[in-house]
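The numbering used here applies: residue -11 is where the sequence shown begins, and numbers increase by one.
No residue lacks a Cβ here, since even glycine has one placed at the ideal position from N, Cα and C.
Keep in mind it's a predicted model, so treat the numbers as computed, not measured.
Down below is the structure, laid out as structure tokens.
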Amino acid sequence: MNRDGVDKHELELDLEWHLDRAETEYACGIFSVEARSMHRGQTAPPTPPTQTPPTQTTPTQTTPKTHEHGHEHGPTQAVFHVIQCADWVNIVALTDDDAIVLIRQWRAGVARTTLEIPGGMMDPHEAPLEAAIRELREETGFEANDWQVIGVVEPNPAIQSNRCHTFVARGARRVHAPDFDPTEHCVTEVVPFSEVSNLVRDGSITHALVIAALHFETLRRTRQSTP
């Protein structure tokens, strides 16, 4: 029960939608857009649930279990458009003197250069840690001794299906030159971690997932310092 006396499980059932079918309407190299026909309520649609496989190598959506639970307004049907893409990784890479490895790179979406932490998209069949090690090496030429996952977020659950895995990588050091993708070029900056909050506060860092990653690292440090 929550503090208003509402059963949490019952509330979740009341809010839940159930997949009837999914069709890929658009696909490119890094994502696809899937139209999901869904319903809520205790009455299922007349046709059995089916799914059209995506045309690209993307995570597939399984048919959720239908709960026999009515909605106060009766069964409702709708089509939701969902962006399907691989999971992402972010890396808070820290040197032995507690400096963080940052990168500057051009972002086409906002048409400007942004200050971020290393990160990127997981390759097919790649584990999050494998992707994090690869992205740090490719974008900065750094490697690290000690890796730990410190948080997982859903970047935009309203329209995206993927997650972003955040790692802290301690003992980071440059071992070779970066190995950029054809359209990628980054400039590496190493700054004391103590300055990060000022970079967020003054608007130098604006990427939401980067700010979430820095918050995870701050929480980790707080937990370690708490008796």
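For residue j and residue i, believed in contact at Cβ under 8 Å, the rounded distance
i: residue 24; j: residue 10; result: 5 Å
i: residue 117; j: residue 79; result: Not quite, the Cβ-Cβ distance comes to about 10 Å (not below 8 Å), so this is no contact.
i: residue 111; j: residue 120; result: So it is not a contact: roughly 12 Å between Cβ atoms.
i: residue 104; j: residue -3; result: Wrong, their Cβ atoms sit about 39 Å apart, outside the cutoff.
For residue i, the three-state DSSP class (helix, strand or coil)
i: residue 6; result: strand
i: residue 204; result: helix
i: residue 149; result: coil
i: residue 155; result: strand
i: residue 45; result: Reliability fails at residue 45, whose pLDDT of 42 lies under 50, so the model's placement of it is uncertain and no value is given.
i: residue 165; result: coil
i: residue 69; result: strand
i: residue 181; result: helix
i: residue 115; result: coil
i: residue 142; result: coil
i: residue 20; result: strand
i: residue 91; result: strand
i: residue 15; result: strand
i: residue 78; result: strand
i: residue 83; result: coil
i: residue 175; result: strand
i: residue 98; result: coil
i: residue 213; result: helix
Residue i to residue j span [Cα, whole Å]
i: residue 127; j: residue 20; result: 25 Å
i: residue 91; j: residue 176; result: 5 Å
i: residue 122; j: residue 148; result: 24 Å
i: residue 74; j: residue 5; result: 23 Å
i: residue 202; j: residue 86; result: 13 Å
i: residue 145; j: residue 27; result: 18 Å
i: residue 108; j: residue 93; result: 12 Å
i: residue 77; j: residue 138; result: 11 Å
i: residue 55; j: residue 12; result: Its pLDDT being 30, under 50, residue 55 is placed unreliably in this model, and the coordinates cannot settle the point.
i: residue 100; j: residue 168; result: 19 Å
i: residue 136; j: residue 143; result: 20 Å
i: residue 67; j: residue 2; result: 18 Å
i: residue 7; j: residue 210; result: 41 Å
i: residue 182; j: residue 132; result: 20 Å
i: residue 212; j: residue 206; result: 10 Å
i: residue 187; j: residue 29; result: 47 Å
i: residue 52; j: residue 65; result: Its pLDDT being 34, under 50, residue 52 is placed unreliably in this model, and the value from its coordinates should be taken loosely. Rounded to whole angstroms, residue 52 to residue 65 spans 15 Å at the Cα level.
i: residue 172; j: residue 208; result: 31 Å
Neighbourhood of residue i by C-beta, 8 Å cutoff - its chain only, sequence neighbours within 5 removed
i: residue 141; result: 151, 152, 154, 197 and 200
i: residue 114; result: 122
Sequence-distant residues of its chain with Cβ nearer than 6 Å to residue i (five each side left out)
i: residue 46; result: Below a pLDDT of 50, predicted positions are generally treated as unreliable, and residue 46, at 44, falls in that range; no measurement from the model is reported.
i: residue 95; result: 102
i: residue 22; result: 10, 12, 70 and 72
i: residue 192; result: 103
Heavy atom of the ligand NAP within 7 Å of residue i beta-carbon
i: residue 66; result: Of ligands this structure carries none, so the ligand NAP is not represented either.
7 Å CB neighbourhood of residue i in its chain, flanking five on each side removed
i: residue 179; result: 87, 88 and 90
i: residue 166; result: 126, 127, 128, 129 and 174
i: residue 18; result: 73 and 109
i: residue 204; result: 138, 139 and 154
So, do the region 154 to 164 and the region 76 to 83 have three or more beta carbon pairs nearer to each other than 8 Å? As far as the Cβ criterion goes, the region 154 to 164 touches the region 76 to 83, which means the pair count is three or higher.
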